[in-house]
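Chains A and E, in that order, are what the protein sequence lines are.
Per the working numbering, residue 1 is the first one in the first sequence, and the count goes up by one each step.
Per the working numbering, residue 1 is the first one in the second sequence, and the count goes up by one each step.
Note that beta-carbon positions come from the ideal geometry of N, C-alpha and C, so glycine has one too.
For reference, the structure discussed in these notes is given below.
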Amino acid sequence: EDQVTQSPEALRLQEGESSSLNCSYTVSGLRGLFWYRQDPGKGPEFLFTLYSAGEEKEKERLKATLTKKESFLHITAPKPEDSATYLCAVQVSGGGADGLTFGKGTHLIIQP
Amino acid sequence: ETGVTQSPTHLIKTRGQQVTLRCSSQSGHNTVSWYQQALGQGPQFIFQYYREEENGRGNFPPRFSGLQFPNYSSELNVNALELDDSALYLCASSDNRGINEKLFFGSGTQLSVL
């Protein structure tokens, strides 16, 4: 069974304090790994897709990396507006369903 | 370009009733997926529709069913509601059957089953 585990469940940082969120996965065949951001009362918003080990992508203060077993979302000098739940998801190659398997998310709070 | 819109935003039903949720996909997208998100959990894949046909399904019973219309809008129907069906129901649209494509999510319908 495909599994996605995110850690920590919650993280509180001071503004400007850099950190990393972890997403470990166990799948039969990875087609892609996705990072989404979800604000309260809203649907997830796409951030990145990673396809193969060693790949990295950046957007403003966020950088996502991928290995064969896990992905990291690095947040550099975060601001209060970066507060949200960050979701990791995998899409598996083969099989009948092309849906994403999500982790439970990391609830990130950035304090001014 | 219009985003994904869902209706209603909130809904209260009693156990055993039936419910229909609606979704308008983003302009130009031919694929719609539905997800269930329980409180404190990540979204769970229910099913996907591509050009009016179901082409993928997660681990949900048959009382969860759907439709996609020629304009690519979609409905999610749930029969014989159970208390555990209380959740946020998210619709997402994409192109190319969602393969390696980012999903555009709506803000969801919050369903409460009493």
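Minimum Cα-Cα distance from E17 (chain A) among the listed residues A:G103, A:V92, A:D82 corresponds to A:D82. In this structure, A:E70 is the residue among A:K42, A:E70, A:R37, A:G41 with its C-alpha nearest to the C-alpha of Y51 (chain A). Contact note: L90 (chain E) reaches chain A through G43, using a C-beta cutoff of 7 Å and chain order. By a beta-carbon distance limit of 8 Å, F102 (chain A) does not contact N22 (chain A). Their separation comes to about 15 Å. Counting other Cβ atoms within 10 Å of its Cβ, F69 (chain E) stays below 16 and is therefore classed as exposed.
Under the 8 Å Cβ criterion, the region 28-41 of chain A counts as touching the region 83-92 of chain A, having at least three qualifying pairs.
Along the region 30-41 of chain E, going in chain order, the ones with a CB nearer than 8 Å to a CB of chain A are S33, Y35, G40, Q41. Separation of E9 (chain A) and K79 (chain A) (C-alpha to C-alpha, rounded to the nearest whole angstrom) is 19 Å. For T26 (chain A), the enclosing beta strand (DSSP E) covers residues 19-26. Residue-level contact by beta carbon holds for K104 (chain A) and chain E, with a gap shorter than 7 Å.
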